[in-house]
Amino acid sequence: MNSTTIVQKLWNYCNILRDDGLSYGDYVEQLTFLLFLKMADEQTKPPFQRRDAAATIPAEYSWPALLKRDGDELEIHHRHTLEALGKQAGLIGVIFRKAQNKIQDPAKLRRLIADLND
38 MNSTTIVQKL
48 WNYCNILRDD
58 GLSYGDYVEQ
68 LTFLLFLKMA
78 DEQTKPPFQR
88 RDAAATIPAE
98 YSWPALLKRD
108 GDELEIHHRH
118 TLEALGKQAG
128 LIGVIFRKAQ
138 NKIQDPAKLR
148 RLIADLND
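In this note's numbering, the protein residues as written are 38 to 155.
The structure is reproduced here in structure tokens:
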């Protein structure tokens, strides 16, 4: 995937969230939270295989935990994930401090997660 494709994909995500009534700052924030969880998960896989990355995000709040859920269960889990990670010690707690899920439509949240996973 080249940089043009990545930028286009990112703008598509922004359009989805903007159409849902989120402000520019809100949709950048929400995408950042999701991208951070995805990247933390990728750091645990080849070629990186960083064990410390796995320890950073507890398994119950990891990217794979989001992938397993759908509908209202997904929205509730994502909200709890943001709250729990905001209480973590260190950098994770700083990144997620006072984080709130502002994506009200579980179907749109599912679509963003599925698209980011591709």
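In this text, a Cβ means the ideal position worked out from N, Cα and C, and glycines have one as well.
Here the structure is a predicted model, which means the values were calculated and not measured.
C-alpha distance - residue i paired with residue j, whole-angstrom precision
i       : j       : result
Glu-66  : Lys-82  : 25 Å
Arg-134 : Asp-107 : 25 Å
Gln-86  : Asp-78  : 10 Å
Ile-132 : Ile-94  : 12 Å
Trp-48  : Asn-39  : 15 Å
Thr-42  : Asp-109 : 31 Å
Lys-46  : Asn-154 : 12 Å
Ser-60  : Asn-138 : 13 Å
Ala-151 : Leu-104 : 8 Å
His-117 : Leu-68  : 17 Å
Beta-carbon spacing of residue i, residue j below 8 Å
i       : j       : result
Ala-136 : Gly-127 : no
Leu-71  : Leu-119 : no
Residues of its chain near residue i, where Cβ-Cβ distance is below 8 Å and the 5 sequence neighbours each way are ignored
i       : result
Gly-130 : Leu-122, Gly-123 and Lys-124
Arg-147 : Asp-107, Gly-108 and Leu-111
Arg-88  : Thr-81
Other residues of its chain near residue i: CB distance less than 6 Å, five sequence neighbours each side excluded
i      : result
Leu-74 : Trp-100
Cys-51 : Tyr-64
Is it true that the segment 43-55 meets the segment 99-117, where meeting means three or more beta-carbon pairs spaced less than 8 Å apart? no
With three or more beta-carbon pairs closer than 8 Å as the criterion, would you say the segment 132-148 touches the segment 112-123? yes
Whole beta strand (DSSP E) elements within the segment 85-154, 3-residue minimum: none
Inside the segment 54-85 only - alpha helix (DSSP H) runs reaching at least 4 residues: 61-79
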